[in-house]
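Trainee: Numbering (the numbering used here), first residue to last: 374 to 531.
If you scroll down you'll find the structure; I have some questions about it.
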């Protein structure tokens with residue numbers, strides 16, 4: 374970071390540190406500002422945010438995970454595998470494993486090329502149509518390993 378950026382960050386963190394008894398909305402506002410500036414909220418900034426807001430890094434991490442618009446790492450595409458009970462019975466865990474193998478990452482990680490983030494969601498509310506997969510906010514039903522490869526191929530052409 375150059376000196377001007379450091380000044381920017383110090384001013385921003387000083388502003389938020391002045392808030393007495395910050396609410397979750399205050400914390401989210403700080404996290405959104407960080408993300409707007411650098412595209413994501415890396416661990417070192419999560420720690421600074423926690424210190425600034427007088428809270429734990431675990432709470433900051435939890436808030437980031439609960440807000441779909443917030444992200445810890447920079448990536449282009451997000452893939453969510455439904456792990457609700459119905460989708461699990463219909464094979465979503467096998468789909469998740471196949472994705473991990475194809476992308477060479479574990480769940481809640483970003484590929485080395487920073488293109489794809491893989492995560493799970495407990496239920497997508499389309500239980501009868503499972504297993505379900507969400508790619509960049511669009512839900513796909515009845516996903517098979519073959520269809521999965523097609524979806525990944527389509528992502529790579531974007």
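We put the beta carbon where it would ideally sit given N, CA and C, even for glycine.
These figures come from a predicted structure and were not determined experimentally.
(1) Is residue 446 helix, strand or coil by DSSP?
(2) Who are the Cβ neighbours of residue 513 in its own chain at under 8 angstroms, not counting the five residues just before and after it?
(3) Would you kindly check if the distance between the Cβ of residue 449 and the Cβ of residue 488 is under 8 angstroms?
(4) Let me know if residue 465 comes out buried or exposed under the rule of 16 or more other beta-carbons within 10 Å of its beta-carbon.
(5) Rank 432, 460 and 444 by C-alpha distance to the C-alpha of residue 412 and give the top, closest one.
(6) Considering Cα atoms alone, identify which of 392, 491, 386 and 503 is closest to residue 407.
(7) Among the residues of its own chain, which have a CB less than 7 angstroms from the CB of residue 376, if the five just before and after it don't count?
(8) Could you pull out every residue in the same chain whose Cβ sits closer than 7 angstroms to the Cβ of residue 495, ignoring the five residues on either side in sequence?
(9) On the criterion of 16 or more Cβ atoms from any shown chain inside 10 Å, does residue 388 qualify as buried, or is it exposed?
(10) Run through the DSSP bridge pairs and tell me what residue 483 is partnered with.
(11) In this structure, what does DSSP give as the bridge partners for residue 507?
(12) Count Cβ pairs between the stretch 427–435 and the stretch 462–479 that sit closer than 8 angstroms; are there 3 or more?
Mentor: Well, looking at it:
(1) By 1-based counting over the chain shown, the position of residue 446 is 73. Looking at residue 446 - three-state DSSP - the assignment turns out to be coil, as it is neither helix nor strand.
(2) Residue mapping note: residue 513 aligns to position 140 of the chain shown, counting from 1. For residue 513, where only same-chain residues beyond five positions count, the Cβ hits under 8 angstroms are 505, 506, 507, 520 and 524.
(3) By one-based count along the chain shown, residue 488 stands at place 115. By one-based count along the chain shown, residue 449 stands at place 76. In contact: residue 488 and residue 449 (Cβ atoms closer than 8 angstroms).
(4) Numbered from its first residue, the chain shown carries residue 465 at position 92. Looking at its Cβ environment, which holds 16 or more other Cβ atoms inside 10 Å, residue 465 is buried.
(5) Residue mapping note: residue 412 aligns to position 39 of the chain shown, counting from 1. Residue 412 has its Cα closest to that of 444, out of 432, 460 and 444.
(6) As a first step, residue 407 must be located in the chain shown, where it is residue number 34. Comparing Cα positions, the closest option is 386.
(7) As a position in the chain shown, residue 376 is number 3, starting the count at 1. With a pLDDT of 43 at residue 376, under the threshold of 50, the modelled position of that residue is not reliable, and the figure given next carries that caveat. So no residue of the chain qualifies.
(8) On the chain shown, position 122 is the one that residue 495 refers to. Excluding sequence neighbours, residue 495 sits near 456 and 457.
(9) In the chain shown, the residue the question calls residue 388 occupies position 15. Exposed: under 16 other Cβ atoms inside 10 Å.
(10) Against the chain shown, residue 483 aligns to sequence position 110. Its beta-bridge partners are 490.
(11) The residue given as residue 507 occupies position 134 in the chain shown. Paired residue(s): 453 and 512.
(12) no
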